[in-house]
């Protein structure tokens with residue numbers, strides 16, 4: 001059984017005995033150069049960054065599914081990361097409030113404004129609010145005046 005590898009240039013399976021001066025016979029890519037670049041990429045991502053990347057992914061995914069603006073979600077994630085760094089030793093403030101689009105039912109049902117308490121039917125905005133450290137969240141509505 002011959003040893004083989006995948007060429008990083010053309011992504012084809014290449015047997016080591018088929019290499020021409022250490023290069024892929026199909027595309028001419030140097031197999032050794034790509035191994036060094038992969039190591040540089042591994043050094044770029046520290047293992048301690050992996051939990052933050054996973055956290056940001058799921059946070060981003062969850063709020064995008066609700067319809068929040070990607071920019072608002074990224075700002076929330078960055079603010080949370082900055083708060084954690086600056087408030088070492090203290091419990092960071094993990095509360096959030098993001099504007100989300102109203103559903104068709106939200107557009108026709110009467111709503112109570114979370115700001116002034118008045119009932120209204122059309123206009124206004126819908127926000128999702130909660131705390132990242134606890135499960136669940138609430139939807140609030142604000143009238144056009146607030």
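Numbering (the working numbering), first residue to last: 1 to 146.
Think of the CB as a built atom: it goes at the ideal place given N, C-alpha and C, for glycine as much as any other residue.
Return the first residue and the last residue of the beta strand (DSSP E) that residue i is part of.
i	result
residue 126	125-131
residue 5	4-6
When DSSP labels each residue in this structure, what does residue i get in the three-state scheme?
i	result
residue 62	helix
residue 23	strand
residue 12	coil
Whole angstroms is fine: what's the gap from residue i's alpha carbon to residue j's?
i	j	result
residue 36	residue 141	Caution is warranted here: a pLDDT of 45 is assigned to residue 36, below 50, making its placement in the model unreliable, and the coordinate value is therefore given only provisionally. About 54 Å.
residue 104	residue 55	31 Å
residue 111	residue 144	12 Å
residue 120	residue 101	17 Å
residue 13	residue 20	14 Å
Assign residue i to one of two classes, buried (16 or more other C-beta atoms within 10 Å of its C-beta) or exposed (fewer than that).
i	result
residue 58	exposed
residue 7	buried
Specify, as a first and last residue, the run of the alpha helix (DSSP H) that residue i falls within.
i	result
residue 102	Premise fails: residue 102 is in no alpha helix (DSSP H) and is neither H nor E.
Check whether the segment 65-72 and the segment 22-32 touch, using three or more Cβ-Cβ pairs below 8 Å as the test. Using a Cβ-Cβ distance cut-off of 8 Å, the segment 65-72 and the segment 22-32 are not in contact, since fewer than three pairs of beta carbons, one from each stretch, lie closer than that value.
Specify whether the segment 127-135 and the segment 94-107 touch according to this definition: at least 3 beta carbon pairs, one from each stretch, less than 8 Å apart. Segments in contact, yes.
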